[in-house]
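There are 2 protein chains.
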Amino acid sequence: MELDNRKIQILKAIIETYLETGEPVGSRTISKINGLNVSSATIRNEMVDLEEMGLIVQPHTSAGRVPTDKGYRLYVDRLMEERTRDISKLTRFFSRRMDRVENVLKSMANMLSADTNYTAMVTGPRYMRNELKLIQLAYLDASHLIAVIVVEGNVARNKIIPVKERLTNEDLLKLNILLNSALQGKSLDDLTLKHIARLKEEAGPYRDVVGEVLNAISEVVYKEQNEPPEVYTSGKMNIFRYPELAEGTMAERILTVLEDKGRITDLFERDSGSGGIRVYIGGETPMPAMQNCAVVTTEYDFGKGLRGRIGIIGPKRMDYEHVVSTLKTLMEEMDRIYHADNREEM
Amino acid sequence: MELDNRKIQILKAIIETYLETGEPVGSRTISKINGLNVSSATIRNEMVDLEEMGLIVQPHTSAGRVPTDKGYRLYVDRLMEERTRDISKLTRFFSRRMDRVENVLKSMANMLSADTNYTAMVTGPRYMRNELKLIQLAYLDASHLIAVIVVEGNVARNKIIPVKERLTNEDLLKLNILLNSALQGKSLDDLTLKHIARLKEEAGPYRDVVGEVLNAISEVVYKEQNEPPEVYTSGKMNIFRYPELAEGTMAERILTVLEDKGRITDLFERDSGSGGIRVYIGGETPMPAMQNCAVVTTEYDFGKGLRGRIGIIGPKRMDYEHVVSTLKTLMEEMDRIYHADNREEM
DNA sequence: GGTTAGCAATCAACAGACACGAGTGCTAAC
DNA sequence: GTTAGCACTCGTGTCTGTTGATTGCTAACC
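So the sequence lines, in the order shown, correspond to chains A and B.
Here the first sequence stands for residues 89 to 434, numbered as in this note's numbering.
Here the second sequence stands for residues 89 to 434, numbered as in this note's numbering.
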């Protein structure tokens, strides 16, 4: 069947009305929209066609029509008009003196949920190639050293190492030089047993300390690489604004998924091959709990391998235009700020 | 009216039955409990008295009785029997190689919520007297230094400082010695303008770097001291197990409070003067959203000023015996481990 | 005087009956 | 191809009657 111009107009009107109200849309409501001067009976005839095409359904006889996932998909792909966004709010947190990555991500999530009234989630960056940038040992007290480990992207972690024998300051200095010259620029994959054996040998009496430092490195870096990244969330309770997500045990099931960092990461990183904004509608998400949800995600990039994903989660009748344009504008701003010139610090 | 022995027995039976079922308890149910060989009619007479005393109420005529806040309070204060707890589960995470505080607190929260089926929340430690223990500067790359700041309790934070001129390694070493000899053992309150001026003077050409380091210290330490502490939560979704907390908009309202670190801190730290375990029942909490909840909190202490609070949040018909004895045993174990001998590392 | 059996009264919960309104599908006329 | 009109469907809200649990009261009992 032909999806002619009038059918498209009617479908768009149905979807946009449903986005606002959340109630099934009847033929009479559509016929009253100006620009489309036909009677409700005509609309009804067209609706039957749209229903045959699988774009809308009736929840029950004698109810209005509701868009199907396929209908939303058509809308998102072809009908939606791009809105330009006011970027003053979006960039406020970039313009402040640059903070650590976590804080930027947190405030991004806060802004997004406040701006959209949906739930915003931002996954912490995954470090793809964790080159060691600096290792620094220092005495903390008589029996403990602190090892500070900095990897590419200026992410610093520390680990406290108990020591038995007392090292002199000079020895500590030598140890620092030894560790840095051996390990700087290396990633976990580069560190073979051979390297480690040689390093330990060179450390002589302090081989145990070197061993502990290497343990600390692998623990810190490995964990960062393999565990699901941190997830910053904001506006989880917004799901209660939408009755179709709050009724029955829906809210519980959705919130349970949102609590699970691993599942959020899976959700956001599905076929995330190419860049750009992805929209998953209802059954397109892998989670049964999220059949009534839509998820919009995109990748962010702070440069230097600091990449993660941003996601907006809301009802299927989400204001796609708003969400997509907000994310798009945010990404453009971010690109402008972090990729034009070098950032000062992070 | 006299609260004689039989009345107490009946009240206890009502409360304990209600804790299990969550349904109003009728006179017949109580009369069937062995040990109390009286008819339902007698129980009814006693119930009228208990109701007059404000310990139980009927949700409506011809329904069974439900404990009031006052009834729970009497139960918690006087009727509850202490159970001894199997501590094998409780101490598992203490016996593992000592991790950073955050991880211990996280796993404590996880264990508590899994063990009780309620929500567990642990506030991060507040550092009462943040003495500086170590300041360590190192070159990260040509134009950035990293300053590692360690305070009492071995909590390390880092801050990246951009520098214009290139310092030699020797200068850096001198700067480290200068900073540490001037600042070690000092807290924020000790640092007067006079100190700072002298320190800057001594730093000579590197006064700007010293200034930046001091900024970093005040930023890191001040923030830690004045913002609400981190809150680690586990089992938030457990509230959906209890219909009286899940129905209507209750769940939303409770979860909204639980999302708010500031309000959680307020909730836990109410008149937390003396130690021990505190129980807040229904209206005794300051939050209107938590009228149907009970909150059990206690203070933990890792030593060296690392103190915060643990809280269990559940329905008013919470298994108080279980929760209180779990927390008590946990605190005793913690005391044994952290206060008997010195801990190895944190 | 305390205890108990018996009984009427109360009320939530549930199910069936009914009217109402929104919305559709179909048909005949334009 | 479009429209008006009408019968039909079905969710929603209201009312009514029934059932079952539980109470309070009273009179009899120990």
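Ideal Cβ placement from N, Cα and C applies to all residues, glycine included.
All values reported here derive from a predicted model rather than from experimental measurement.
Residue burial classification, residue i (beta-carbon count within 10 angstroms, cutoff 16)
i, result
"Glu-104 of chain A", "buried"
"Glu-140 of chain B", "exposed"
"Met-168 of chain A", "buried"
"Ser-150 of chain A", "exposed"
"Asn-122 of chain B", "exposed"
"Glu-420 of chain B", "exposed"
"Ala-197 of chain A", "buried"
"Gly-323 of chain B", "buried"
"Glu-258 of chain B", "exposed"
"Pro-374 of chain B", "exposed"
"Gly-273 of chain B", "exposed"
"Lys-282 of chain A", "exposed"
"Arg-116 of chain B", "exposed"
"Tyr-388 of chain A", "buried"
"Ala-285 of chain A", "exposed"
"Glu-134 of chain A", "buried"
Partner residues on chain B for residue i, Cβ-Cβ distance less than 8 angstroms
i, result
"Leu-228 of chain A", "Lys-221, Leu-222, Val-238, Asn-242"
"Glu-300 of chain A", "Here the premise fails: no neighbours, minimum Cβ distance about 11 angstroms."
"Glu-347 of chain A", "Lys-324, Met-325"
Contact list for residue i against chain A, beta-carbon separation under 8 angstroms
i, result
"Glu-340 of chain B", "Met-325, Phe-328, Ala-334, Ala-339"
"Ile-369 of chain B", "Simply none; closest approach about 25 angstroms."
"Ile-400 of chain B", "Near Ile-400 of chain B there are no residues of chain A at all, since even the closest Cβ is about 18 angstroms away, more than 8 angstroms."
"Asn-93 of chain B", "Those within 8 angstroms of Asn-93 of chain B in chain A number zero; the least Cβ separation is about 44 angstroms."
Among the options, the one whose alpha carbon lies nearest that of residue i
i, options, result
"Ala-129 of chain B", "B:Ile-118, B:Asn-122, B:Glu-139, B:Gly-123", "B:Ile-118"
"Asp-174 of chain A", "A:Ile-400, A:Val-236, A:Ile-102, A:Asp-203", "A:Asp-203"
"Glu-170 of chain A", "A:Lys-416, A:Tyr-426, A:Ile-398", "A:Lys-416"
"Pro-293 of chain A", "A:Asp-277, A:Asn-264, A:Glu-253, A:Pro-316", "A:Glu-253"
"Gly-350 of chain A", "A:Ile-223, A:Glu-315, A:Met-325, A:Glu-340", "A:Glu-315"
"Arg-132 of chain B", "B:Met-338, B:Val-192, B:Val-113, B:Lys-392", "B:Val-113"
"Tyr-320 of chain A", "A:Gly-399, A:Asn-246, A:Ala-235", "A:Gly-399"
"Gly-391 of chain B", "B:Pro-403, B:Thr-344, B:Arg-424", "B:Arg-424"
"Val-345 of chain B", "B:Val-297, B:Ile-401, B:Tyr-310, B:Val-298", "B:Ile-401"
"Tyr-426 of chain B", "B:Leu-279, B:Met-378, B:Leu-394", "B:Leu-394"
"Val-210 of chain B", "B:Gln-224, B:Val-236, B:Val-189, B:Gln-313", "B:Val-189"
"Glu-219 of chain A", "A:Arg-405, A:Glu-240, A:Thr-337", "A:Glu-240"
"Val-297 of chain B", "B:Ser-275, B:Leu-276, B:Asn-264, B:Glu-318", "B:Asn-264"
"Pro-147 of chain A", "A:Ser-201, A:Ile-327, A:Ser-127, A:Gly-110", "A:Gly-110"
Where residue i meets chain B, residues with beta-carbon distance less than 7 angstroms
i, result
"Glu-190 of chain A", "Within chain B, no residue comes near Glu-190 of chain A; the closest Cβ sits about 12 angstroms away, beyond 7 angstroms."
"Ile-352 of chain A", "Simply none; closest approach about 15 angstroms."
"Asn-314 of chain A", "Here the premise fails: no neighbours, minimum Cβ distance about 16 angstroms."
Reduced DSSP secondary structure (H/G/I, E/B, other) of residue i
i, result
"Thr-437 of chain A", "Summary: the structure shown does not reach residue 437 of chain A, with chain A confined to residues 89 through 434, and so no result is reported for it."
"His-410 of chain A", "helix"
"Arg-214 of chain A", "strand"
"Pro-376 of chain A", "helix"
"Glu-43 of chain A", "The question about residue 43 of chain A has no answer here: the residues shown for chain A are numbered 89 through 434."
"Arg-171 of chain B", "coil"
"Tyr-293 of chain B", "With the sequence shown as reference, residue 293 of chain B is identified as Pro, and Tyr is not the correct amino acid for it. Of the three classes helix, strand and coil, the one that applies to Pro-293 of chain B here is helix, per DSSP."
"Gln-224 of chain B", "strand"
"Ser-232 of chain A", "The amino acid occupying residue 232 of chain A in the given sequence is His; Ser does not appear at that position. His-232 of chain A falls in the strand class under three-state DSSP."
"Met-89 of chain B", "coil"
"Thr-156 of chain B", "coil"
"Leu-260 of chain B", "helix"
"Ile-249 of chain B", "strand"
"Val-243 of chain B", "strand"
"Ala-151 of chain A", "coil"
"Met-141 of chain B", "coil"
"Thr-207 of chain B", "strand"
Proximal chain A residues relative to residue i, where beta-carbon distance stays under 7 angstroms
i, result
"Leu-343 of chain B", "Met-325"
"Arg-425 of chain B", "Note that residue 425 of chain B corresponds to Ile in the displayed sequence, not to Arg. The premise fails here: Ile-425 of chain B is roughly 16 angstroms from chain A at the closest Cβ pair, so nothing lies under 7 angstroms."
Where residue i meets chain A, residues with beta-carbon distance less than 9 angstroms
i, result
"Ile-103 of chain B", "In chain order: nothing, as chain A lies at least about 28 angstroms away."
"Asn-125 of chain B", "Within chain A, no residue comes near Asn-125 of chain B; the closest Cβ sits about 43 angstroms away, beyond 9 angstroms."
Residue i beta carbon near the ligand GDP (any heavy atom closer than 7 angstroms)
i, result
"Leu-260 of chain A", "Because no ligand of any kind appears in the structure shown, any question about the ligand GDP cannot be addressed here."
Contacts that residue i makes with chain B (C-beta to C-beta distance below 9 angstroms)
i, result
"Ala-131 of chain A", "Inspection of the sequence shows that residue 131 of chain A is occupied by Ile rather than by Ala. Neighbours of Ile-131 of chain A on chain B: none; closest Cβ ~37 angstroms, over 9 angstroms."
"Asn-205 of chain A", "Neighbours of Asn-205 of chain A on chain B: none; closest Cβ ~14 angstroms, over 9 angstroms."
"Asn-198 of chain A", "Residues of chain B passing the Cβ test: none, with the nearest at roughly 12 angstroms."
**Message:** Within 8 angstroms, do at least three Cβ pairs link the region 327 to 341 of chain B to the region 301 to 311 of chain B?
**Reply:** no
**Prompt:** Just checking, does the region 400 to 420 of chain A make contact with the region 94 to 101 of chain B on the three C-beta pairs under 8 angstroms criterion?
**Reply:** no
**Prompt:** Would you call the region 251 to 267 of chain A and the region 222 to 232 of chain A in contact, with 3 or more CB pairs under 8 angstroms?
**Reply:** yes
**Message:** Below 8 angstroms, how does it come out for the region 147 to 164 of chain B and the region 364 to 374 of chain B: are there three or more Cβ pairs, yes or no?
**Reply:** yes
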